[in-house]
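2 protein chains.
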Amino acid sequence: MTPKALLYKDRFFGNSDTLLLISNNCLYYRHVQGKKVLVVTNNTVAPLYLDKVTDALTRGNPNVSVENVILPDGENYKNMDTLMKVFDKAIESRLDRRCTFVALGGGVIGDMCGYAAASYLRGVSFIQIPTTVMAQVDSSVGGKTGINHRLGKNLIGAFYQPQCVLVDTDTLNTLPDRELASGLAEVIKYGLIRDAEFFEWQEQNMHKLMARDPRAFAYAIKRSCENKAEVVSLDEKESGLRATLNLGHTFGHAIETGFGYGQWLHGEAVAAGMVMAVDMSYRLGWIDDSIVKRVHNILQQAKLPTAPPDTMTVEMFKSIMAVDKKVADGLLRLILLKGPLGNCVFTGDYDRKALDDTLYAFCKS
Amino acid sequence: MTPKALLYKDRFFGNSDTLLLISNNCLYYRHVQGKKVLVVTNNTVAPLYLDKVTDALTRGNPNVSVENVILPDGENYKNMDTLMKVFDKAIESRLDRRCTFVALGGGVIGDMCGYAAASYLRGVSFIQIPTTVMAQVDSSVGGKTGINHRLGKNLIGAFYQPQCVLVDTDTLNTLPDRELASGLAEVIKYGLIRDAEFFEWQEQNMHKLMARDPRAFAYAIKRSCENKAEVVSLDEKESGLRATLNLGHTFGHAIETGFGYGQWLHGEAVAAGMVMAVDMSYRLGWIDDSIVKRVHNILQQAKLPTAPPDTMTVEMFKSIMAVDKKVADGLLRLILLKGPLGNCVFTGDYDRKALDDTLYAFCKS
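Each protein sequence line maps, in turn, to chains A and B.
One point on numbering: in numbering that gives the first Met the number 0, the residue at position 108 of the first sequence is 107, and numbering is uninterrupted.
One point on numbering: in numbering that gives the first Met the number 0, the residue at position 93 of the second sequence is 92, and numbering is uninterrupted.
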């Protein structure tokens, strides 16, 4: 890793100004509890970064022993069977309560490693080293961990905070185009739900982000994390406000589940889901049509989808959305835009017809 | 359930006087969050109590719907495969974040249901209704939940507190003799580690407990829970003091793992483990031989084992104990008695030879 890395301090949210530039690798070590580390990564990321991270963890620290477990890459492996491989490795390596798990990879690795850390011996330390835009701007921050069930995404998991999150923009150089765009869906989301100024910055700078300009990216990551940290610090367990971070996600999760995990990337599904949420907000009369157009435009600039896959049906959306975690006592609550750009609501109080109209508008059957 | 039930208030530990007598079933309802309940029980307990509990939850509350999942009975089913049946049922029943899980059964059911509640949708409410002495005096109280791994007991889990623990001494009438004795091992433990007066009461009243005298049992349960609650309130996450509740458990877990889950009951293994811990404490010169004799005597009165199974070897003990959760940075810490009756230490600072001598004294090879 390089001096361009950004380091987030322990349980950083709640403090608004805790992004630090680090100048060398020894900072890893400060956050490692105990003498044993388990790096959890996948077969795509391991060839690129596993040696570097192992070196950074052990250089000058001969007492630290580093084990690793390399999982298959992809959302379709984010399940109990794969999670058990982490437990197997940890137990076979005789890791004790003072060990540290390190998540090296994208959101899937972070979610699985975090849940494994939350559950192993009823909880050990962990560090996030996200290597995708999606993980850097969203999933590594805020403590949501978990795995999928065949009937729905992230239905099994824990709220569990990492000791630190370490972001290195150099990792963007190895990221495939689709993965890069997928992460931008979450960046766009922050603008839409609470930061109109950031959305306007994105409208002016999307070409730089698409060109992988590291300065533009560092800014986008920082501002995204600040937005997320502020929301999470006010509502860690998602009693209300935190749910607004899920704009487009209820529709998006239905796409991921219905279309099959791994067919579309998470951000691609969220992008289509945001278009559907924006469409529904417009049908309810809660936003004007300029916002609808601007959302379409920016997603197209980011080369993200603006509609669900053709195979999705109204019935698929309805049945999958009925088991969403945001259902409370049978009522589906959604995040919808309301008012000027940068404002949203999390509510179950909306006209059911608008939801139906949106589903029929985007599905062939 | 009956007016003899005892109710522990929400997160009761920390208050020393929170045992309540309840007079009717409606108190169940007060602790149910949301409108949907999932009762998790097993095929031994379900025929005895499932209808009663379902009735208590719904009587006068037509809006509450009660689902149930009946698991196979026994420690050897306390694993990920069985846990997944709870998630499957919860998801198929479309239970949302406002639901409540109810653990109806012994320690295995409580541990699995608790961990399922901790993980389902990243955490839902749960209530413990323990039906064994073991669960009533120990496992239902204090928030430790989890499952076994083929390489060791309780290696995967969470610290997660129930909304309430409901104990009804009437359930003792349906409890097999071995299960009853197994629970008494934990009762005896509280006396040994911190409550000499309670140990003396047990010496005088063990015949009443063995005769299932409900008044004697109500007292033993209350005093056991008070002891546990006091310890847990001082150290919920087991940084030190709480570990003392595991007197005999490190040896005992090795017996359960080595001999095969379900061959011996937990309390039977703990009883033999306590004898080994007491033997080692005596070899270290930390206690006098009158304590050794009194421990043997009371365990024999309770019809509990005072030695591990013949098939256990020194090597089995050593290899299994090496993955115990109380190992820290490679050092095995043990709970040992030290000083007058009612005093113990949790320490890695002991002569390794005493441990070896104890293992060789109790194993044929």
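Built from N, CA and C at the ideal position, the CB exists for glycine as well.
- In this structure, B:Glu199 is the residue among B:Glu314, B:Gly59, B:Glu199 with its C-alpha nearest to the C-alpha of Gly341 (chain B).
- Residue state for Glu237 (chain A) is assigned as coil, using DSSP reduced to three classes.
- Distances from the alpha-carbon of Ile146 (chain B) to those of A:Phe86, A:Ile146, A:Glu202, A:Gly113 put A:Phe86 closest.
- Scanning its chain for C-beta atoms nearer than 6 Å, with the 5 sequence neighbours on each side dropped, one finds around Ile334 (chain B) the residues Thr243, Asn245, Leu246, Cys343, Phe345, in chain order.
- Closest in C-alpha terms to Phe258 (chain B), from the list B:Leu150, B:Arg58, B:Arg351, B:Ala301, comes B:Leu150.
- Around the beta carbon of Pro161 (chain B), 16 or more other beta carbons sit within 10 angstroms, so the residue counts as buried.
- If you look at Val344 (chain B), you'll find it in the beta strand (DSSP E) that goes 343-346.
- At the C-beta level, Leu264 (chain B) and Ser181 (chain B) come within 8 Å of one another.
- Restricting attention to A:Val164, A:Val39, A:Pro46, the CA atom closest to the CA of Thr81 (chain A) is found in A:Val39.
- DSSP places Asn60 (chain B) in the coil class of the three-state scheme, outside both helix and strand.
- Here the C-alpha atom of Ser64 (chain B) lies approximately 36 Å from the C-alpha atom of Glu185 (chain B).
- By the neighbour-count criterion, in which 16 or more other beta carbons inside 10 Å mark a residue as buried, Asn153 (chain B) falls on the buried side.
- The residues Met311, Thr312, Val313, in chain order, have a CB closer than 6 Å to that of Cys362 (chain B) in the same chain once the five nearest residues on each side in sequence are set aside.
- Distance from the CA atom of Lys337 (chain A) to the CA atom of Ser118 (chain B), rounded to whole angstroms, is 33 Å.
- No Cβ-Cβ contact shorter than 8 Å links Leu94 (chain B) with Lys51 (chain B).
- Under the three-state reduction of DSSP output, Trp200 (chain A) falls in the helix class.
- Taking one beta carbon from each stretch, the segment 127-142 of chain B and the segment 162-179 of chain B have 3 or more pairs nearer than 8 Å; the two touch.
- Closest in alpha carbon position to Asp234 (chain B), among B:Val269, B:Gly142, B:Ala89, is B:Gly142.
- A distance of 8 Å or more separates the beta carbons of Gln201 (chain B) and Ile69 (chain B).
- Between Thr357 (chain B) and Asp278 (chain B), the CB-CB gap stays under 8 Å.
- Residues of chain B whose Cβ lies closer than 9 Å to the Cβ of Arg241 (chain A) do not exist, since the nearest Cβ in that chain is about 12 Å away.
- Only residues of its own chain outside the window of five on either side were considered, and among them Thr168 have a CB closer than 6 Å to the CB of Ala217 (chain A), listed in chain order.
- Thr173 (chain A) sits in a helix when the DSSP states are folded into three classes.
- For Asn226 (chain B), the number of other beta carbons within 10 angstroms of its own is at least 16, and it is reported as buried.
- Under the Cβ criterion of 8 Å, His295 (chain B) is not counted among the residues facing chain A.
- CA-to-CA, the gap between Leu56 (chain B) and Phe250 (chain A) works out to about 35 Å.
- Listed in chain order, the non-local C-beta contacts of Leu171 (chain B) below 8 Å within the same chain comprise Val132, Leu179, Arg211, Pro213, Phe216, local neighbours out to five positions each way being set aside.
- Under the 8 Å criterion on CB atoms, Tyr119 (chain A) is classed as interfacial with respect to chain B.
- Taking 8 Å as the CB threshold, Leu150 (chain A) lines the interface with chain B.
- According to the DSSP secondary-structure assignment, His148 (chain A) is paired through a beta bridge with A:Gly151.
- Taking 8 Å as the cut-off, the Cβ atoms of Ala134 (chain A) and Gly106 (chain A) count as close.
- Our two residues, Pro46 (chain B) and Gly113 (chain A), have alpha carbons roughly 39 Å apart in a direct line.
- With 16 or more other Cβ atoms from the protein chains shown falling within 10 Å of its own Cβ, Ala115 (chain B) counts as buried.
- Selection A:Ser124, A:Tyr48, A:Glu267 evaluated against Tyr159 (chain A) yields A:Ser124 as nearest (Cα-Cα).
- In this structure, Ile319 (chain A) sits away from Ala219 (chain A), with a CB-CB distance that is not shorter than 8 Å.
- Lys324 (chain B) belongs to the set of residues whose beta carbon lies under 8 Å from a beta carbon in chain A.
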